[in-house]
Structures are given as C-alpha cells and as structure tokens.
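Counted the way the numbering used here counts, the sequence shown spans residues 12 to 120.
Note that beta-carbon positions come from the ideal geometry of N, C-alpha and C, so glycine has one too.
Everything on this sheet refers to the single structure shown next.
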Amino acid sequence: MEKKRFTTPFREFITRDDAGRYHVRLGPQTFSTNYTFTDIRIESENGGTPVEPDYLKAKPWILRNLQQEVGDQRKKEREAMYSKDCFQRTPYSKNQRMAYNNAKSNKGL
C-alpha cells in the first residue's frame, strides 16, 4: 500500500473575525476560539457548535495546536502593531538626559 502525500498543512490559520475569534483548521475540521480559549467551537455550514470539555480531554492535541497557532498569530499582530511609527522611540540627547537627572535631584528642594 502506498502512502498518500498531503500537500496542505495539518494546522492552518484561516482568519480573525470582527468579534475577535480566531478560526483555525486542524485536519478536516475548522475550530474557532477566543484568545483565552474559554469558548472553543467546531465551525460548520450551520454555524458553530461548542466543544465539550470531555472531547478536549480525550484529544489534548486539539487545544495544544490551537494555542500554538493562535499564539503565533497574536505574535505577528503585535509585531505589526509595534512596527508602526507611533511606537518608535528615539534616544534622548545628552542635554535631555542631564535636564531629567537635574530635575530628579532638585525634587526635594
């Protein structure tokens, strides 16, 4: 028997919707979760059905893969947010640093 080679990855991030839910495909199923993993659902054409805690205990790889994929995506979002100009800091000049330290030392006077 010949092994079948799959070309798609097992775990794949799909999207983050307006409600803040992350949609991740694990194998043939699509899961959606919030960033705290308190509400995990299996998505289908009819909508999402909540995942039972017993199901997650029986298959711990689901939660582990969801945490990994959502963590990677949140890391990418943070990198994109902090790379904007409003988060870029310039170092203080020598005069600014001296003025700051002088103001600290003159505080009690």
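> Should F21 be labelled buried (16 or more other beta-carbon atoms within 10 Å of its own) or exposed?
Replying inline: Within the sequence shown, residue 21 is the residue found at index 10, counting from 1. Looking at its Cβ environment, which holds fewer than 16 other Cβ atoms inside 10 Å, F21 is exposed.
>> My output table needs one value for G38: the three-state DSSP class, helix, strand or coil.
In response: Sequence index remark: in the sequence shown, residue 38 carries index 27 (1-based). Of the three classes helix, strand and coil, the one that applies to G38 here is coil, per DSSP.
>> I need the DSSP call for R22, collapsed to helix, strand or coil.
In response: Position 11 of the sequence shown holds residue 22. In the three-state reduction of the DSSP assignment, R22 falls in the strand class.
> Taking buried to mean at least 16 other C-beta atoms within 10 Å of its own C-beta, is T44 buried or exposed?
Replying inline: As a first step, residue 44 must be located in the sequence shown, where it is residue number 33. Per the 10 Å Cβ criterion, buried.
>> If contacts are defined as beta-carbon pairs under 8 Å, then N41 and I25 qualify, I think. What distance do you get, rounded to the angstrom?
In response: The residue given as residue 41 occupies position 30 in the sequence shown. The residue given as residue 25 occupies position 14 in the sequence shown. Per the sequence presented here, residue 41 reads as Thr, with Asn not at that position. Contact between T41 and I25 holds: CB atoms are separated by about 7 Å, below the 8 Å threshold.
>> Quick check on DSSP: helix, strand or coil for P61?
In response: Position 50 of the sequence shown, counted from the start, is the residue given in the question as residue 61. P61 sits in a strand when the DSSP states are folded into three classes.
> Using 8 Å as the Cβ pair cut-off and three pairs as the minimum, do the stretch 54 to 61 and the stretch 75 to 83 touch?
Replying inline: Not touching, per the Cβ criterion.
> CA-CA distance, A110 and Y103?
Replying inline: Mapped onto the sequence shown, residue 110 falls at position 99. Mapped onto the sequence shown, residue 103 falls at position 92. Going by the C-alpha atoms only, they are around 11 Å apart.
>> For the alpha helix (DSSP H) containing E56, name the first residue and the last one.
In response: Along the sequence shown, read from residue 1 onward, the residue named residue 56 stands at position 45. DSSP places E56 outside any alpha helix (DSSP H), giving it a letter other than H or E.
> How close, in whole Å, do the beta carbons of L77 and V35 come, if the pair is a contact with beta carbons under 8 Å?
Replying inline: In the sequence shown, counting from the first residue as 1, residue 77 sits at position 66. In the sequence shown, counting from the first residue as 1, residue 35 sits at position 24. About 6 Å separates the two Cβ atoms, so the contact holds.
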